[in-house]
Structure formats: structure tokens, C-alpha cells
Amino acid sequence: MTPCFFGTSERQLFGIHHPAQGAERSTGVVLCYPAAQEYMLTHWAFRKLAGMLAREGFHVFRFDYYGTGDSAGEVHEGRVATWVQDIRNAVNELQDVTGVQRVALVGLRLGAALAVRAAMEGLSTAALVLWEPLVEGEAWLQELELLQARRDTRTLFPRPESPLEVREELLGFQFPRALRDDIVALDLAALPAWPSTRTHLVVSARKPEYQRLQERLETTGLPFQHHLVPEEGAGGQESALLSNRILQTITTLLKEAA
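Residue numbers for the sequence shown, in my numbering: 26 to 283.
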């Protein structure tokens, strides 16, 4: 692994390059993290996936969005548009460092929505891998609000009631109004167009929002595959995000596409 800072002097981003091992492939992979508690929960899974892909000959790059992780900036400066630009910068960095001709994007949860947005805005991609994607931004925020409410009931000093639209912190992570508005506007299944690339939808369970997205993708006429990978054991959302079977599925489908 080779850690680095990239981007402009005003917007320094932290990234890690996992060099290809053995015969190098001409396609590289950029991993797009989720946000908030899902970032913390899945950090090791991204590191493991990067290692698995590198052993198959892929140059892999993972990075922190501006205002998150080890990148510069404050949390309140995070916006969907700037994080999409960060993906573009990460792709450029990987190509500059390694010379790979094409880059596939693997995005988890919010990272999947950001990857689609980057491709929609003209970023050329070899493939899009949408891993348990955040389909509807508003539904995701409501999910976080529910988790916050459950946490509040287990504390000695419950937080005062406040509606979602004025709450700027959920589960210990800041969600400024501008960022919340950006996320609420996200709805992958309602996009009027879709990036002209192969899309893989990788999920561990059937959900209505995934069904909506699948139906939307099937109408595009573009290459699309749906991968249902049931999680090991009883699990739940957390084990789904950490599933070894899903990591292996993503590695295999990228090998077949490269």
C-alpha cells in the first residue's frame, strides 16, 4: 500500500494506492466509500477488497472525500457535488500514477450514488459496481433518524425532540442542512438517463428500493447485471456490509469484465 495526498493545494485529499500484483491489468479500480457510521463500519472491508483486487492484477485506489477521514477540510464543508469531483480527481490520480487506460468504480451505499453521479457528469468508466446502493437519499436519512431515536432511548439523558429537517447531527456525525438537502435530492431510480457503461447491482437481500432500481436499469438497454448474494448467517444490515461473499463476488465480476 502506498499512502499519498493528491488534489490541489487548497483541497488536499488522502488516498491509498494498492499496486497490482503479478500481471497488471489495463483496467484500474477506484473504491468509493459510504458516509458517516457506514464509513467507520466498512473501512476494513474496503481494505480487504482492495487487497483482493490487487492480487488479481488490478491497480486499486481508495480515498477519503474532502472533509472526511484523513483528507483536508471540515465536515460541514462536505457537499455531494464536491465529493463527486473528488471521485474524478481520484480516477485521474490513479491513471497518472499507474498508466491504466480504463477505471471501474465500486461504490458502497452513498458511495454508489456518488459514483453514478460522476459517470452521469461525463467521467468515463469501464464499469459501475453498485454495492448495497443508496437508492433514495431521503429514505436513508430517515433510516439514520430511526437509528438515532433508538440510541436516544438507551441513554440516561435523551436528546430533546427535533424534526429531521433541523437536526444537523445523526449518530455522532454532522449533517449540515446543505448536505442533507443534497442527499434528499438523490434518487437513482428516478434518473432520466443512465451512464453508458456496464452496471452491476450487488446486494445481499431483496428490497423495494433495489427492485425499483433494477426495473429502471432494465429499461435503459445498457449492459446490466443483478447479483443477489445472501449474507452468511443471520446477520442484518451490518453483516451485509461486511460480507466476504460479496467481496468475492465483486472481485470475480471485475475480473470477468477486465
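Positions of the beta carbon are idealized from the N, C-alpha and C atoms, including for glycine.
Could you check which residue in the options has the C-alpha nearest to that of residue i?
i, options, result
"residue 147", "116, 82, 233", "116"
"residue 33", "118, 87, 27, 58", "118"
"residue 159", "99, 220, 233", "233"
"residue 29", "206, 35, 88", "88"
"residue 133", "155, 102, 51, 142", "155"
"residue 221", "204, 46, 249", "249"
"residue 43", "209, 84, 242", "84"
"residue 243", "51, 254, 218", "218"
"residue 223", "246, 61, 125, 71", "246"
"residue 153", "135, 142, 57, 131", "131"
"residue 271", "171, 143, 67", "67"
"residue 128", "69, 56, 48", "56"
"residue 77", "281, 276, 280", "276"
"residue 236", "125, 157, 35, 99", "157"
"residue 101", "281, 120, 151, 61", "61"
"residue 99", "49, 110, 201", "201"
"residue 39", "50, 121, 111", "111"
"residue 125", "143, 150, 170", "150"
"residue 142", "121, 216, 71, 280", "216"
According to DSSP, is residue i helix, strand or coil?
i, result
"residue 28", "strand"
"residue 200", "coil"
"residue 132", "strand"
"residue 74", "helix"
"residue 33", "coil"
"residue 46", "coil"
"residue 209", "helix"
"residue 260", "Unreliable positioning characterises residue 260 in this predicted model, as indicated by a pLDDT of 47, which lies under 50. A coordinate reading is not provided."
Leaving out the 5 sequence neighbours to the left and right, which residues in its chain are closer than 6 Å to residue i when beta-carbon positions are compared?
i, result
"residue 97", "37"
"residue 212", "161"
"residue 108", "90, 139"
"residue 41", "26, 28, 87"
"residue 145", "220"
"residue 114", "32"
"residue 58", "64, 136"
"residue 282", "152"
"residue 254", "229, 270, 271, 274"
"residue 238", "160, 213, 214"
Considering only residues of the same chain and omitting the five flanking positions on each side of residue i, which have a CB-CB separation below 8 Å?
i, result
"residue 252", "225, 226, 227, 228, 274, 278"
"residue 240", "214"
"residue 104", "203, 204, 207"
"residue 106", "207"
"residue 231", "253"
"residue 121", "none"
By Cβ distance, which residues of its chain are closer than 7 Å to residue i, with the 5 residues on each side in sequence left out?
i, result
"residue 65", "none"
"residue 209", "162, 163, 166"
"residue 45", "79, 82, 83, 84"
"residue 123", "53, 84"
"residue 73", "272"
"residue 75", "43, 56, 85, 87"
"residue 48", "82"
"residue 51", "125, 126, 127"
May I ask whether a heavy atom of the ligand FMN can be found less than 6 Å away from the beta carbon of residue i?
i, result
"residue 209", "As for the ligand FMN, it is missing from this structure, which has no ligand bound."
Minimum length 3: unbroken beta strand (DSSP E) runs contained in the region 84-128
85-88
Write down every uninterrupted run of the beta strand (DSSP E) in the region 212-247 whose length is 3 residues or greater and which is fully enclosed by it, in chain order.
223-228
If we count Cβ pairs, one from each stretch, closer than 8 Å, do we get three or more for the region 83-95 versus the region 161-171?
no
Whole alpha helix (DSSP H) elements within the region 140-169, 4-residue minimum
none
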